[in-house]
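Letter 92 of the sequence shown, counting from 1, is numbered 91 in numbering that gives the first Met the number 0, and no numbers are missing. One structure below.
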Amino acid sequence: MKTRTIAIGSQKGGVGKTTTVVNLAAWLALLKQKVLIIDLDPQGSTTRCLGMNGKSDRGGLQEVFSTGALELLRQDNIQSFIYPTAIENLSLLPSNILDADTEIWLNQRAVEDPDVLKNVVDLALADYHFILIDAPPSLSALPKMAFAAADSLLVPLQSEQMALSTMPRLIELIKNVQQSVNPYLQIEGILLTMFDSSLAYSQALLAQAKKHFQGLVFNQMIPRDHRLSEATAAGRPVVLYDMHSAGSRAYRQLAEYLVQRHHGAPAETKVGSIE
Ligand code: ADP
Ligand code: MG
0 MKTRTIAIGS
10 QKGGVGKTTT
20 VVNLAAWLAL
30 LKQKVLIIDL
40 DPQGSTTRCL
50 GMNGKSDRGG
60 LQEVFSTGAL
70 ELLRQDNIQS
80 FIYPTAIENL
90 SLLPSNILDA
100 DTEIWLNQRA
110 VEDPDVLKNV
120 VDLALADYHF
130 ILIDAPPSLS
140 ALPKMAFAAA
150 DSLLVPLQSE
160 QMALSTMPRL
170 IELIKNVQQS
180 VNPYLQIEGI
190 LLTMFDSSLA
200 YSQALLAQAK
210 KHFQGLVFNQ
220 MIPRDHRLSE
230 ATAAGRPVVL
240 YDMHSAGSRA
250 YRQLAEYLVQ
260 RHHGAPAETK
270 VGSIE
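Below is the structure:
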């Protein structure tokens, strides 16, 4: 199976990364794709959005990143750290980083051994069509590790006035990552999130984004939709909360587009069921 590994990253927090990882992954899974989410953000929001609290007995990120774990994983099977979710075909390698000391330790591990995530991804590749990595919003060793492990980077860009001024930094980030971390890293796309077409600044942002990034801006934008935040607060992907809401439909369109782009077949005929 040919796997597409996509890191969802941005230098800013609160732009819709976690919402995108969870809901895009959920729709990919409903389109019969086998999907793994790796929650690399020590905040663990993605893990909670999927109804887990990170206190799983089998462990998660922390154990996978332990020194020497890789040898064990090879023998023992990476699947023992991967959990099913309420959605068929959607699995999770959870963040179980519950305190600041562990977060510091995790960053140190990322500095010592920048390839550890790539090794983990390589072990999981055979089982998935898509691997989505939720990268933390910083320029520390952790997101770099995600960019090193990924085929591509998907950048959510929040539609707000500030976004215009942060665009040059975003371009810098992408160039920097491609030069120093992963020269093969492609740009999956720039995704406008919390978009409200009735607002002038949303339109201005779209125009600017298209000017700077040309064909890299997804035609599909994610509208501002409170059903998405309600679903997150309820610890569920929106497909299990309000499947037909505008936000849910937007993530479905994006998922169909990515299935088409990477796995060819027309997505319309492939919708699966919810357990
Ligand atoms: P990040 O992971 O980048 O920090 P989140 O996905 O957690 O961002 O989103 C930040 C906040 O915005 C959350 O409260 C989330 O529920 C809300 N949010 C994200 N996307 C949307 C959207 N399209 N419409 C409305 N609220 C959204
Ligand atoms: Mg997040």
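Think of the CB as a built atom: it goes at the ideal place given N, C-alpha and C, for glycine as much as any other residue.
Query                                                                                                                                                                                           : Result
If you compare alpha carbons, which of L35, E111, L97 is closest to F80?                                                                                                                        : L35
If distances are taken between C-alpha atoms only, which option among V237, A245, I77, L156 comes closest to V216?                                                                              : L156
Whose C-alpha, out of P113, N76, L152, is nearest the C-alpha of D126?                                                                                                                          : N76
With DSSP run on the structure shown, which of helix, strand or coil describes I96?                                                                                                             : coil
Should Q32 go down as buried or exposed, given a rule of 16 or more other Cβ atoms within 10 Å for buried?                                                                                      : buried
Between which two residues does the alpha helix (DSSP H) carrying A254 extend?                                                                                                                  : 245-262
Could you check how far apart the C-beta atoms of S151 and Q185 are, in whole angstroms? I think they sit under 8 Å.                                                                            : 4 Å
In its own chain, which residues sit with a C-beta less than 8 Å from the C-beta of R226, not counting the 5 before and 5 after it?                                                             : V237, Y240, D241, S244, A245, G246, S247
Helix, strand or coil, according to DSSP, for P83 in the structure here?                                                                                                                        : strand
Specify, as a first and last residue, the run of the alpha helix (DSSP H) that D121 falls within.                                                                                               : 115-123
Just to confirm, is the Cβ distance from E171 to L204 under 9 Å?                                                                                                                                : no
State the DSSP-derived secondary structure class of R3, mapped to helix, strand or coil.                                                                                                        : strand
Are the beta-carbon atoms belonging to T231 and V20 less than 9 Å from one another?                                                                                                             : no
Are the CB atoms of A254 and L153 nearer to each other than 9 Å?                                                                                                                                : no
Report whether the distance from the Cβ of K16 to the nearest heavy atom of the ligand MG is below 8 Å.                                                                                         : yes
Grab me the residues of Y183's own chain with a C-beta within less than 8 Å of its C-beta, minus the 5 sequence neighbours each way, in chain order.                                            : D150
Measuring only the C-alpha atoms, how far is K210 from S164?                                                                                                                                    : 14 Å
Spatial neighbours of R235 within its chain, please: CB distance less than 7 Å, with the 5 preceding and 5 following residues excluded, ordered by chain position.                              : G50
What would DSSP say about D275, mapped onto helix, strand or coil?                                                                                                                              : Since the first residue shown for the chain is 0 and the last is 274, residue 275 is missing from the structure and cannot be characterised.
Tell me the rounded alpha-carbon separation between R57 and L122.                                                                                                                               : 18 Å
Alpha carbon to alpha carbon, how far is F64 from P167?                                                                                                                                         : 33 Å
Please classify I173: is it buried, with 16 or more other beta-carbons within 10 angstroms of its beta-carbon, or exposed?                                                                      : buried
Could you tell me which uninterrupted beta strand (DSSP E) segments, each at least 3 residues in length, are contained entirely in the region 17-50, listed from first to last along the chain? : 34-38
Between R251, A148, I189, V110, which lies nearest to K16 when the distance is taken from Cα to Cα?                                                                                             : I189
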